[in-house]
Amino acid sequence: MVRRPTSWRSLQAGGSGTMCAQSEPRAGLNPLASLSVLVSTCIVAFQLKSPLAAIALCCAILLTHVAAGARAREGSFRRRLRGIFMFAAVLFASQVLLVHGPALAERAAAGAVMSLRFLNVVLASHLFVSRAEPERLACAMMQAGLPYRYGFAFLAAMRFVPYFRDQAATVLQAQTARGIALDRPTPRGVFLMARYTFVPVVVSALGRVESLAVSMEGRCFGLYPTRTFRRRIPFGWADALAIASSAAVAIAALVAA
Numbered sequence: 054m055v056r057r058p059t060s061w062r063s064l065q066a067g068g069s070g071t072m073c074a075q076s077e078p079r080a081g082l083n084p085l086a087s088l089s090v091l092v093s094t095c096i097v098a099f100q101l102k103s104p105l106a107a108i109a110l111c112c113a114i115l116l117t118h119v120a121a122g123a124r125a126r127e128g129s130f131r132r133r134l135r136g137i138f139m140f141a142a143v144l145f146a147s148q149v150l151l152v153h154g155p156a157l158a159e160r161a162a163a164g165a166v167m168s169l170r171f172l173n174v175v176l177a178s179h180l181f182v183s184r185a186e187p188e189r190l191a192c193a194m195m196q197a198g199l200p201y202r203y204g205f206a207f208l209a210a211m212r213f214v215p216y217f218r219d220q221a222a223t224v225l226q227a228q229t230a231r232g233i234a235l236d237r238p239t240p241r242g243v244f245l246m247a248r249y250t251f252v253p254v255v256v257s258a259l260g261r262v263e264s265l266a267v268s269m270e271g272r273c274f275g276l277y278p279t280r281t282f283r284r285r286i287p288f289g290w291a292d293a294l295a296i297a298s299s300a301a302v303a304i305a306a307l308v309a310a
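54 is the number of the first residue of the sequence shown in our numbering; add one for each residue after it.
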């Protein structure tokens, strides 16, 4: 028979037949520290009123992308950047051409601030999402005091995103093979794509959620108020300093505004 530990102290003690909660080797900031930096960056981006300051923040975020290992030559990263910058250009043009009343220079400055604000928020969010693993983020949040039920719900939602994306692509290909004009950029094509893609994906999602709920119920998920975890995300002085600095910068930006 396998000896089962009866308490968390016995889990920490290790030994024959026990499981120890092992701390991960440090790889960058704690996800909570990265989240605090993201929130602070978004607050600063919304408070900036000068195009030059917004450009400086955008350049800093792009340099952080490069320092974090995002290569501009990679096809996926280049496509994302192209789409983001194209939408920012549309925002700038709409502000300059469609707004009446102020002078052209004022409209151009307002359009530049608005488009750069969009760029800063989206690029900072992209950097956070590309560097923070959902499982590490959920573990860090539960480690900080979030109830494990909500942490598991967040993690399950993140893990279902790729599945639903692939499922939507499969349904779209199947409906196109049936002769339904879903690939035409017309209002009717958009309506048909929403109608013939949304319903099958929702039905598939309900089936997956029901099977997950049955599996969780069979394993007595939620029976106890607390749980023990195998993974432990390290939290050090660098993380505390990042959180404190982010809070100070956010408060300073709000006060200055």
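Cβ coordinates follow ideal geometry from the N, Cα and C atoms, glycine included.
In whole angstroms, give me the CA-to-CA distance for residue i and residue j.
| i | j | result |
| --- | --- | --- |
| ALA316 | VAL308 | Outside the shown range of the chain (54 to 310) lies residue 316, about which nothing can therefore be said. |
| GLY122 | LEU82 | 15 Å |
| SER178 | LEU91 | 7 Å |
| GLU159 | PHE145 | 12 Å |
| VAL143 | ARG135 | 12 Å |
| LEU316 | LEU208 | Past the boundaries of the shown model lies residue 316; the chain is included only from 54 to 310, so the question cannot be answered. |
| LYS102 | SER268 | 52 Å |
| ALA161 | ALA300 | 32 Å |
| GLY164 | GLN226 | 39 Å |
| GLN100 | SER183 | 25 Å |
| ILE114 | PRO104 | 15 Å |
| SER257 | GLU270 | 20 Å |
| SER298 | LEU116 | 19 Å |
| PHE213 | LEU199 | 21 Å |
Determine, for residue i, whether the minimum Cβ-Cβ distance to residues of chain D falls below 9 Å.
| i | result |
| --- | --- |
| ALA141 | The structure shown has no chain D; it contains just one protein chain. |
Quick one: residues in its chain with C-beta nearer than 8 Å to the C-beta of residue i, no 5 flanking neighbours on either side, listed in chain order?
| i | result |
| --- | --- |
| LEU259 | none |
| MET167 | LEU144, PHE145 and GLN148 |
| PHE140 | PHE171 |
| ILE233 | LEU245 and TYR249 |
Kindly list the residues whose CB is nearer than 7 Å to the CB of residue i, restricted to its own chain and excluding five residues on each side of it in sequence; keep chain order.
| i | result |
| --- | --- |
| PRO253 | VAL224 |
| VAL174 | CYS95 and ALA98 |
Return the chain-ordered list of same chain residues with a C-beta closer than 6 Å to the C-beta of residue i, the five sequence neighbours on each side being excluded.
| i | result |
| --- | --- |
| PRO84 | ALA185, ARG189, LEU190 and ALA193 |
| VAL152 | ARG160 |
With a 10 Å radius around its C-beta and 16 neighbouring C-beta atoms as the bar for buried, classify residue i as buried or exposed.
| i | result |
| --- | --- |
| THR281 | exposed |
| LEU176 | buried |
| ALA86 | buried |
| ILE286 | buried |
| ARG56 | Low local confidence applies: a pLDDT of 41 at ARG56 is under 50, so the model's placement there is unreliable, and no value is given. |
| CYS30 | The question about residue 30 has no answer, for the chain in this structure spans 54 to 310. |
| ILE296 | buried |
| ASP292 | buried |
| TYR216 | exposed |
| SER93 | buried |
| ALA197 | exposed |
| TYR203 | exposed |
DSSP three-state label for residue i, please.
| i | result |
| --- | --- |
| ARG135 | helix |
| ARG248 | helix |
| ARG170 | helix |
| ARG285 | strand |
| PHE274 | coil |
| ARG261 | helix |
| GLU188 | helix |
| ARG62 | Interpretation of ARG62 is limited by its pLDDT of 38, a score under 50 that renders its predicted location unreliable; the figure taken from the coordinates is listed afterwards. Note: ARG62 maps to helix in three-state DSSP. |
| PRO240 | helix |
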